[in-house]
Amino acid sequence: MIVVIDSNCLSASIGKSSPYRWLFDALRNQKFEFGITTDILAEYEEHLQTYYSFNLAQNVIEGLVNSQNARLVSPTYFWHLIESDHDDDKFVDCAVACQADYIITFDRHFDILKKIKFPKVSPITPDKFFDIFYQA
Numbered sequence: 001m002i003v004v005i006d007s008n009c010l011s012a013s014i015g016k017s018s019p020y021r022w023l024f025d026a027l028r029n030q031k032f033e034f035g036i037t038t039d040i041l042a043e044y045e046e047h048l049q050t051y052y053s054f055n056l057a058q059n060v061i062e063g064l065v066n067s068q069n070a071r072l073v074s075p076t077y078f079w080h081l082i083e084s085d086h087d088d089d090k091f092v093d094c095a096v097a098c099q100a101d102y103i104i105t106f107d108r109h110f111d112i113l114k115k116i117k118f119p120k121v122s123p124i125t126p127d128k129f130f131d132i133f134y135q136a
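No gaps in the numbering here: position 73 of the sequence shown is 73 in the UniProt record's numbering, and each next residue is one more.
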């Protein structure tokens with residue numbers, strides 16, 4: 001299974017007492033593959049530094065980059081499918097490039113993807129992903 005994780009979901013999963021900690025632990029324990037791009041890594045770093053220390057943000061980024069379950073891709077086509085927030089198009093482009101099964105996100109504006117037949121990209125909340133992931 002391949003996923004792309006939105007920045008908000010990644011940062012929400014890092015805290016040891018977070019209800020989403022299972023996502024970060026599964027990621028670190030290589031339970032699934034995940035797609036990233038240099039743009040996504042930059043956003044992760046910026047986002048993490050807002051909520052956590054500089055050192056923690058750097059350690060998380062380094063861990064992601066060096067992880068054997070990471071799929072670092074360079075999209076060659078930019079789909080521009082998220083009308084309400086084009087900054088999130090990078091997650092769609094990454095998902096298409098790495099053939100991800102899901103984009104894990106809290107953001108409702110990704111729901112537009114459910115209406116688009118091509119390219120097929122499936123947004124999913126962390127809670128719904130949990131149900132699918134732990135049923136597999």
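Ideal placement from N, C-alpha and C gives every residue a C-beta, glycine not left out.
- Within the segment 46 to 93, the complete beta strand (DSSP E) runs of at least 3 residues fall at 70 to 72.
- Distance between S11 and F133, taken at the CA atoms: about 19 angstroms.
- By DSSP's assignment, Y102 forms a beta bridge with V3.
- Counting along the chain, F129 sits inside the alpha helix (DSSP H) bounded by residues P126 to Q135.
- The straight-line gap separating the alpha-carbon atoms of R71 and Q30 is approximately 12 angstroms.
- Comparing alpha carbon positions, the residue from L64, D127, K117 and T76 closest to R28 is L64.
- Looking from the CA of T105, the closest CA among V96, Q68, F129 and Q58 belongs to F129.
- In this structure, S17 keeps its C-beta atom at 9 angstroms or more from the C-beta atom of F24.
- The C-alpha of I82 lies about 15 angstroms from the C-alpha of V4.
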